[in-house]
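Report on the structure given below.
2 protein chains.
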Amino acid sequence: MKVETLRWFNNRLEMVDQRILPAAFEYLSYYTAASVAEGIRSMVVRGAPAIGVAAAYGVALEALRLSQLLPPCRGKVGMGVESLSLDTSTPSLTLPLHGGGDSSVDFKTGMEAGFTVLAASRPTAVNLFWALQRMRKVWEGVATQSPQEIAQRLLAEAHEILAEDIRINKTMGAHGAALLKDGARVLTHCNAGALATAGWGTALGVFRSAVEAGKKISVIADETRPFLQGARLTAWEMVQENIPVTLITDNMAGYMMAQGEVDAVVVGTDRVAANGDVANKIGTYMVAVLAKRHNIPFYVACPLSTIDLSIASGKDIPIEERSADEVKGFRDTHWAAEGVKIRNPSFDVTPAELVTGLITERGVVLQPDVQSIRKLMADVASS
Amino acid sequence: MKVETLRWFNNRLEMVDQRILPAAFEYLSYYTAASVAEGIRSMVVRGAPAIGVAAAYGVALEALRLSQLLPPCRGKVGMGVESLSLDTSTPSLTLPLHGGGDSSVDFKTGMEAGFTVLAASRPTAVNLFWALQRMRKVWEGVATQSPQEIAQRLLAEAHEILAEDIRINKTMGAHGAALLKDGARVLTHCNAGALATAGWGTALGVFRSAVEAGKKISVIADETRPFLQGARLTAWEMVQENIPVTLITDNMAGYMMAQGEVDAVVVGTDRVAANGDVANKIGTYMVAVLAKRHNIPFYVACPLSTIDLSIASGKDIPIEERSADEVKGFRDTHWAAEGVKIRNPSFDVTPAELVTGLITERGVVLQPDVQSIRKLMADVASS
């Protein structure tokens, strides 16, 4: 089964609702920047590269809508979102809908509002800001054209970002697969899979590429509380692909390593700082510390769009703190004692010294640091 | 609220059903060794010291029943257990009930069967075997007396083990409290509280004693997947006591330490080997490795009954692997993808080198090793 995490269908963006996987596989439809932003915030779509692609489509949708190339939306914005009582503590992001074909709407003002609501959806993954920046440049390049022409150009760019993401993942996968020996038992945290991207995946893309290259590998998936991306999404993707996968709770990773049952770790990332520090799903740091103790290589699958040279080190990466409800239980089931305070940082930072290698579409950067990352990005810029 | 985890009431053992806390606080009644064993296996009662006390009562109950000092049980064995669909993959442990006042039952054979079923209930906590050994010695000391007299003596011993457990916890608590500075933010894993003992607690007993001594402390509780002892039991106990408590998922411990929000770690233990290696709830090892990296003291609250000199090092401690159902979700809610393999080791081993100190009722053993533990136990034996 080929997973299309996001797809353009019938003049709308459709995204797999990742909150209800694996119990159900359903697409939700999106017509506006505000609804896409809400889809990102509420984690219908998650994973840094997928968030970037979704944001690009959010910009394109807003342009199409403002230029009246889309029919006005009739109560279908964020379709299906209302029926789920997930993470409702943060107020929904809303934009005036300008609906009903009101031609007086100022295109530029509307577009700026669209960019703003998308940028406010989630703070940690840099791909969101990277994609918005890229879409803005395209817009600026055709700013003198008609809204309709601008909208078509932005939609074409969103399609290109999606296609590029899959190409990059496959190239990255091939580089990463070369690092895994035949028979390797590889631990991963969270879901850096097809569902975290436009398809194929970053960390799970490495596993897919290894299998495609004829290697037998098996995967150990941390369940990844509180949102359970490992138990629900990574396990599901690997089962679909017939790649052997074993699920553990997050606190079992050390035991598995101590037992000699882990040969390598591969994870994704939401943002890499200029010095090689890696922000990724909460718990990644713990896995990296344990891997170091057990001399197990710790790799980070990292498309270049995830490297943020504007941030010197990991301590400057903004870490999102999400709703306490996520930690109290799962979905509508709450098990935590009443009256307890709750923390819910969604990401942590793994210092570069714990990273064996960054796997990029331009090859593997071993022991990343300021110099090696600067050189990589300079090579890319000059090629 | 004073928590009586186990109590003798109306000629039966009552135990708080810890599987349904904190949603409900209910006692279940036990009349036989087999039903107590089932209560231990299914985690109605858990925590090494509490398991020891329960096992002692299990032996006493069996003696009372076999000597016909208890009315025969009428379908009330394991009362309430059947109505919960928890962890049903392991067949129930059952003993022939010899019911209805059949006087032909051989007391000695019946008692041996009782010891056997109790010893098979859970493998890791040494307190279980320690309590059975102690009860056996008492039995041997009065073996020539009538079954009725033996039963009364065994019941008195079970009462003494319960009372002793609380006294020991309070002494241990005072020793441990002296290690915590005023204002300390202390992380704990799992539940080593009143609910894991006859009352007061080991790790949480240290916190209670610190507060009783006038120190302001706050607790950070790992939720402790898969059984969620931290979220359900530790958080609940601390809220009852008005001790400030913050709940995190297990994978957030490293983040909290990196942020400088943890001053000390105190955990309980299920068995300490002769060299100071510590078996405790799965995930403890991970916390210890992180504490070491961040130079945070890592203390283990450890009654002497938990030290097992017959085991040279942690690698010889048997680690229970429990049902996959526990990891698939929680109670009846399953979220894991279908078809995934699952591991569920219930404990891990923290090497002695990571332990800053063992807190015992005879004082604190800093940097425990073979010599210091041997000396401690020799001092105890000679006093």
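As you go down the protein sequences, you meet chains V and H in turn.
Position 363, counted from 1, in the first sequence is what this note's numbering calls 363; the numbers after and before it change by one each time, with no gaps.
Positions in the second sequence are counted from 1; adding 1000 to them yields this note's numbering.
For every residue, glycine included, the Cβ atom is placed at its ideal position computed from N, Cα and C.
What are the boundary residues of the alpha helix (DSSP H) that includes residue i?
i                 : result
Ile168 (chain V)  : Pro147 to Ala177
Ser382 (chain V)  : Val370 to Ser382
Lys1281 (chain H) : It is not in any alpha helix (DSSP H) - Lys1281 (chain H) instead sits in the beta strand (DSSP E) that spans Val1278 to Lys1281.
Phe1129 (chain H) : Val1126 to Gly1141
Ser1035 (chain H) : Ala1033 to Arg1041
Ser1029 (chain H) : Segment Tyr1027 to Tyr1030 is the beta strand (DSSP E) holding Ser1029 (chain H); no alpha helix (DSSP H) there.
Arg1293 (chain H) : Thr1284 to Arg1293
Glu1212 (chain H) : Ala1203 to Glu1212
Compute the beta-carbon to beta-carbon distance between residue i and residue j, rounded to the nearest angstrom, for a pair I have assumed lies under 8 Å.
i                 : j                 : result
Gly283 (chain V)  : His189 (chain V)  : 6 Å
Ile1248 (chain H) : Asp1222 (chain H) : 6 Å
Thr1197 (chain H) : Ala1050 (chain H) : 5 Å
Val1239 (chain H) : Gly339 (chain V)  : 4 Å
Pro1147 (chain H) : Ala1063 (chain H) : 7 Å
Phe107 (chain V)  : Leu69 (chain V)   : In fact, because the Cβ distance is near 12 Å, the residues do not count as touching under 8 Å.
Tyr1031 (chain H) : Leu1061 (chain H) : 6 Å
Gly1141 (chain H) : Ser1305 (chain H) : At roughly 19 Å, the Cβ-Cβ gap does not stay under 8 Å, so Gly1141 (chain H) and Ser1305 (chain H) are not in contact.
Lys1215 (chain H) : Leu1180 (chain H) : 6 Å
Asp1250 (chain H) : Asn251 (chain V)  : 4 Å
Ser1313 (chain H) : Asp1277 (chain H) : 5 Å
Gly199 (chain V)  : Arg208 (chain V)  : At roughly 10 Å, the Cβ-Cβ gap does not stay under 8 Å, so Gly199 (chain V) and Arg208 (chain V) are not in contact.
Considering only the beta carbon of each residue, do residue i and residue j sit closer than 8 Å?
i                 : j                 : result
Ile1359 (chain H) : His1175 (chain H) : yes
Ala1231 (chain H) : Leu1187 (chain H) : no
Gly427 (chain V)  : Leu154 (chain V)  : With chain V covering only 1 through 383, there is no way to say anything about residue 427 (chain V).
Leu228 (chain V)  : Phe330 (chain V)  : yes
Ala288 (chain V)  : Thr350 (chain V)  : yes
Val1272 (chain H) : Ala1203 (chain H) : no
Ile1296 (chain H) : Met1257 (chain H) : yes
Asp379 (chain V)  : Ala352 (chain V)  : no
Asn169 (chain V)  : Gly110 (chain V)  : no
Ala1235 (chain H) : Ala337 (chain V)  : yes
Ala1033 (chain H) : Gly1058 (chain H) : yes
Tyr1299 (chain H) : Tyr285 (chain V)  : no
Ala1385 (chain H) : Ile1373 (chain H) : Lying before the first or after the last residue shown, residue 1385 (chain H) is absent from chain H, which here runs from 1001 to 1383.
Leu1134 (chain H) : Arg225 (chain V)  : The sequence given here places Arg at residue 1134 (chain H); Leu does not occur at that position. Not in contact: Arg1134 (chain H) and Arg225 (chain V) (Cβ atoms no closer than 8 Å).
Lys1341 (chain H) : Val262 (chain V)  : no
Should residue i be labelled buried (16 or more other beta-carbon atoms within 10 Å of its own) or exposed?
i                 : result
Phe1115 (chain H) : buried
Ser104 (chain V)  : Any reading at Ser104 (chain V) must be qualified, since the residue scores a pLDDT of 41, below 50, and its modelled position is unreliable; no value is offered.
Phe1025 (chain H) : exposed
Pro1318 (chain H) : exposed
Trp130 (chain V)  : buried
Val3 (chain V)    : buried
Ala279 (chain V)  : buried
Leu195 (chain V)  : buried
Leu1366 (chain H) : exposed
Arg1167 (chain H) : exposed
Phe9 (chain V)    : exposed
Arg1344 (chain H) : Contrary to the premise, residue 1344 (chain H) reads as Asn rather than Arg in this sequence. With 16 or more Cβ atoms within 10 Å of its Cβ, Asn1344 (chain H) is classed as buried.
Asp182 (chain V)  : exposed
Gln371 (chain V)  : exposed
Leu1309 (chain H) : exposed
Ser1382 (chain H) : exposed
Glu157 (chain V)  : buried
Lys1137 (chain H) : exposed
Thr144 (chain V)  : exposed
Gly260 (chain V)  : exposed
Val16 (chain V)   : buried
Just to confirm the assignment, what range does the beta strand (DSSP E) spanning residue i have?
i                 : result
Leu1006 (chain H) : Leu1006 to Phe1009
Ile1359 (chain H) : Gly1357 to Thr1360
Thr188 (chain V)  : Arg185 to Thr188
Val1239 (chain H) : Counting along the chain, Val1239 (chain H) falls outside any beta strand (DSSP E), though it belongs to the alpha helix (DSSP H) covering Ala1235 to Gln1240.
Asp222 (chain V)  : Ser218 to Asp222
Thr1363 (chain H) : The question names Thr, yet the displayed sequence has Gly at residue 1363 (chain H). Per DSSP, Gly1363 (chain H) belongs to the beta strand (DSSP E) from Gly1363 to Leu1366.
Asp1051 (chain H) : Looking at the sequence provided, one finds Ile at residue 1051 (chain H) rather than Asp. Counting along the chain, Ile1051 (chain H) falls outside any beta strand (DSSP E), though it belongs to the alpha helix (DSSP H) covering Ala1048 to Leu1066.
Thr1350 (chain H) : Phe1347 to Thr1350
Met1015 (chain H) : Arg1012 to Val1016
Ala1113 (chain H) : Here Ala1113 (chain H) belongs to no beta strand (DSSP E); instead the alpha helix (DSSP H) covers Phe1107 to Ala1119.
Is any non-hydrogen atom of the ligand ADP found closer than 7 Å to the C-beta of residue i, if you look at the structure I gave you?
i                 : result
Leu1006 (chain H) : Summarising the ligand content, the structure contains no ligands, and the ligand ADP is consequently not present.
Cβ contact (3+ pairs, closer than 8 Å) linking the region 1114–1125 of chain H and the region 1028–1047 of chain H: Output reads yes: the region 1028–1047 of chain H touches the region 1114–1125 of chain H.
Would you call the region 1029–1041 of chain H and the region 1107–1121 of chain H in contact, with 3 or more CB pairs under 8 Å? yes
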